[in-house]
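Colleague: Structure in structure tokens, see below.
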Amino acid sequence: MSLTLTRALWRYRGFILGSVKREFQARYRNSLLGATWTVLQPLAMITVYTVVFAELMRTRLPGIDSPYAYSIFLCAGLLTWGLFGEILQRGQTVFLDNGNMIKKLNFPRICLPAITVINALVNFAITFSLFLAFLALTHSLPGWIILYALPILLVQIAFATGLGIIAGVLNVFFRDVGQFVNILLQFWFWFTPIIYSTATLPAAARPWMKLNPMTPLAQAYQGIFVYGKTPQWSTIWPVAVLAAGLCVVALLLFRRRAGEMVDEL
Amino acid sequence: MGEVRVSGLGKAYKQYPGQWSRLAEWILPAGKPRHTEHWVLKDIDFHLRAGEAVGIVGANGAGKSTLLKMLAGTVRPSCGEITIGGRVAAMLELGMGFHPDFTGRQNAVMGGQLLGLSLEEIARLMPQIEAFAEIGEYIDQPVRTYSSGMQMRLAFSVATAQRPDILIVDEALSVGDSYFQHKSFERIREFRREGTTLLLVSHDRYAIQTVCDRAILMEAGRIRMQGDPIEVLDYYNAMMAEHNHQRIRQETLADGHVTTISGTAEASIVEVRLLNQRDLPADTVEVGELLRLQVRVRANAALPRLVLGFLLKDRLGQAIYGINTHRLEQPLEHLAPGDEVTYCFSFPARLGKGSYSVSLSLSRADSHIDKNFEWRDNALIFHVFNTGKEDFVGSSWLGANVTITRHP
């Protein structure tokens, strides 16, 4: 099953990469600053959170005194959450948005979520490389341990992609899914230790946080970039299994409903 | 290559009474199906030989577009089988799924990639695509700024940049202006000569008759009839005028032509004769010869008003001349059942060489759509020869004179 899908993706790689490029170009076509906006948006968000939490509310990270610590902590969680959110949010509308194309052209539909994911990765790569440059300038690069972020990223991408495709397929049949995902993402964001650390939470809340699959991922990034700590793999494994499971469910659902989807668009 | 085989094809859309019942059907494991199936297409069987051109006609909602979509692979059949040998290029409705924010060029590249072309091939074909679409500098503008005609031109250029084994065109060409229509049909004919199989949906009688070898008439999701385009289109035309109490039948005449007869039968044509000046049946006619069309009509019911019309059509089914007694200001009024009348139209056959058909209509008013007593396509056929006049081209003889003045 996944073999035919992989083969279809490979055969249409030209179309997928071309679409990513075109979408990127089209997004900033009529803007003066172009791709700068990709950077400005998270930058604005980070500035707001830093000012509000670090300066005004005097949020401090326990055990660290660097002036940049909170910003780095924030970036580590926020930028990766941004990737997760973008894949999920665009994934859930990918089939609806491309309904016109789906109805008129015959091509493997799996290309569409692939384009969405790659697009999100491109945006993420831009902002994240700026983050890395910032780390280098402030001499806060954690060293080779940074490579540990790659497997974490992989798990996160798989998790987001699985969820995104499931939401995308369901959204064609039940538009409620799209509305629900948007609300869910808001709660999820604040329920994940991104702008605060779990250490600052009351003890009663902590076990609940562990139920959130995004918690160990965010903590792993923060560990790597703020403390230079190896991720706690024992907390990552369950998320990886969950992500793989979601991807399988997503592919099954997609296979089962791809034909019917055209009828509903 | 280029063969298309369709057997037992059908398409049903699922209809749910509401979203909750769809959810129930999805998640309740042992639940019974809660949807009703709405069949838009059923029991479709046909076979296209490689290189054949087939036109599909039918009223709106007959299932033509759904059929093409399934052949093009965008809609999945509910049952039946489609076997397609070769590369398919499809133009389903407008725009080929263009992305409005991308430029024409980007869309052309994307379309080419989806047709399975590599970037190098597209780059090689691009000048040709641009030249054929004739949209000039617009090629680098976003597609949302295009007119529908421009979108169609670009879509057609991309879809046909490389000769496909099977070309599927759904109405799309009707959007273009007549110049582009001619150009596109020229390209389609060229492909046909090189062996492309063509499947065309069109309401344009001329397009189907001139391009297609065969026509398929669809009605309410089934194939009603298939065969020679002119016969099928005559039948379709009769079907369109169909009202209550109407029957359609087709008869094969002695000379092998098929005549299509439809109507309420409140009046009927008893006999049709085309006579020349010596009162002999005119199968063959000289250019300019005086002809008389004699039609004997019987009223089968009390008719307040009766109009007889005739229409001459050329070999391709194009109307050459038509007139009726309403327009000649001689309608008959108050006929009793059993009354018989003989009409005699006389006219000179100022026609070009070739064969012509005569269609007749008995109706209450000017148009047979209003009340169609009898409509008879191909009521008779005659051939025009030119032995007496100068040799000319075209379907009518205008008898031009020439005076030439030399300027010293």
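If you read the protein sequences in the order shown, they are chains U and X. Note that the working numbering has the first sequence beginning at 80, numbered continuously upward. Note that the working numbering has the second sequence beginning at 468, numbered continuously upward. All residues carry an ideal CB built from backbone N, CA and C; glycine is no exception.
Name the two residues that bound the continuous beta strand (DSSP E) containing K499/X.
Modeller: Looking at the DSSP string, K499/X is not in any beta strand (DSSP E), and its letter there is neither H nor E.
Colleague: Answer yes or no: does any C-beta atom of chain X fall closer than 9 Å to that of G202/U?
Modeller: Rather than Gly, the amino acid found at residue 202/U in this sequence is Asn. Interface annotation, N202/U: not in contact with chain X, CB-CB separation never under 9 Å.
Colleague: Leaving out the 5 sequence neighbours to the left and right, which residues in its chain are closer than 7 Å to E601/X when beta-carbon positions are compared?
Modeller: R620
Colleague: Got a sec: which bits of the stretch 86-98 of chain U sit with their beta carbon under 7 Å from any beta carbon on chain X, in order along the chain?
Modeller: G93, F94, G97, S98
Colleague: Is the beta carbon of I606/X less than 9 Å from the beta carbon of G571/X?
Modeller: Judged by their CB atoms, I606/X and G571/X are nearer to each other than the 9 Å cut-off.
Colleague: Among G338/U, L321/U, K308/U, which one has its Cα closest to the Cα of Q235/U?
Modeller: L321/U
Colleague: Cβ of T83/U less than 9 Å from any chain X Cβ?
Modeller: no
Colleague: Residues bridged to G156/U by DSSP?
Modeller: According to DSSP, which records beta bridges pairwise, G156/U is partnered with nothing at all.
Colleague: Hey, could you find the ends of the alpha helix (DSSP H) N261/U is sitting in?
Modeller: 255-270
Colleague: May I ask you to report which of helix, strand or coil DSSP gives I871/X?
Modeller: coil
Colleague: Identify the contact partners of A105/U in chain X, using a Cβ-Cβ distance below 9 Å as the criterion.
Modeller: Here the neighbours are H566, D568, F569, T570, Q573, P609.
Colleague: What in chain U is Cβ-close to V490/X, meaning under 8 Å?
Modeller: The amino acid occupying residue 490/X in the given sequence is Leu; Val does not appear at that position. Residues of chain U whose Cβ lies closer than 8 Å to the Cβ of L490/X are, in chain order, F253.
Colleague: Per DSSP, what kind of secondary structure is E597/X in: helix, strand or coil?
Modeller: helix
Colleague: Which residues does DSSP pair with N839/X in a beta bridge?
Modeller: N839/X is bridged to S830/X.
Colleague: Is Q580/X close to chain U? Criterion is C-beta to C-beta, closer than 9 Å.
Modeller: Yes, because at least one Cβ of chain U sits closer than 9 Å to the Cβ of Q580/X.
Colleague: Tell me the residue span of the beta strand (DSSP E) that contains C679/X.
Modeller: Taken as a continuous stretch (DSSP letters only), C679/X belongs to no beta strand (DSSP E), as it is neither H nor E.
Colleague: For A297/U and V507/X, what's the separation of their Cα atoms in angstroms?
Modeller: 51 Å
Colleague: State the CB to CB distance for the pair M293/U and W267/U, rounded to an integer number of angstroms; the pair is presumed to be in contact (CB under 8 Å).
Modeller: 7 Å
Colleague: Under the three-state reduction of DSSP, which class applies to G243/U: helix, strand or coil?
Modeller: Here DSSP, grouped into helix, strand and coil, assigns G243/U to helix.
Colleague: Cβ of G730/X within 9 Å of Cβ of A766/X?
Modeller: no
Colleague: What are the start and end residues of the beta strand (DSSP E) that includes I690/X?
Modeller: 689-694
Colleague: Please report the residue range of the beta strand (DSSP E) in which L191/U lies.
Modeller: Looking at the DSSP string, L191/U is not in any beta strand (DSSP E); the run it does join, the alpha helix (DSSP H), is 190-216.
Colleague: How about A556/X and L582/X: are their beta carbons less than 9 Å apart?
Modeller: yes
Colleague: Note down, in chain order, every chain X residue with its Cβ under 9 Å from the Cβ of R334/U.
Modeller: What R334/U touches in chain X: nothing, since even the nearest Cβ is about 12 Å away.
Colleague: For Y107/U, name the three-state secondary structure that DSSP assigns.
Modeller: coil
Colleague: Is it true that the CB of F569/X sits closer than 9 Å to the CB of A105/U?
Modeller: yes
Colleague: Could you check whether A237/U and A155/U sit closer than 9 Å to each other, using their CB atoms as the reference points?
Modeller: Note that the C-beta distance between A155/U and A237/U is not below 9 Å.
Colleague: List the whole-angstrom C-beta distance separating R843/X from I736/X, where the pair is believed to meet the contact cut-off of C-beta under 8 Å.
Modeller: About 6 Å; that satisfies the 8 Å criterion.
Colleague: Touching or not, the stretch 744-763 of chain X and the stretch 813-820 of chain X, by the rule of three or more beta carbon pairs under 8 Å?
Modeller: In this structure the stretch 744-763 of chain X lies against the stretch 813-820 of chain X, because at least three pairs of beta carbons, one per stretch, are closer than 8 Å.
Colleague: Just by C-beta distance, which residues in the stretch 168-187 of chain U are closer than 8 Å to chain X?
Modeller: For chain X, the residues of the stretch 168-187 of chain U that bring a beta carbon within less than 8 Å of one of its beta carbons are N179, M180, I181, K182, K183, L184, N185, F186, in chain order.
Colleague: Would you list, in sequence order, the uninterrupted beta strand (DSSP E) runs of no fewer than 3 residues that lie entirely inside the stretch 700-770 of chain X?
Modeller: 714-719, 725-730, 734-742, 751-753, 757-766
Colleague: Under 7 Å Cβ-Cβ, which residues of chain U neighbour Y480/X?
Modeller: D342
Colleague: The beta strand (DSSP E) that contains R489/X, what's its start and end?
Modeller: Where R489/X is concerned, there is no enclosing beta strand (DSSP E), although the alpha helix (DSSP H) it sits in stretches over 486-494.
Colleague: Listing by chain order, which chain U residues have their CB less than 8 Å from the CB of T541/X?
Modeller: I181, K182, K183, L184, N185, V341
Colleague: Around the Cβ of A278/U, are there at least 16 other Cβ atoms within 10 angstroms (buried) or fewer (exposed)?
Modeller: exposed
Colleague: For G164/U, I'd like the list of residues in its chain whose CB is within less than 7 Å of its CB, leaving aside the five on either flank, ordered along the chain.
Modeller: L264
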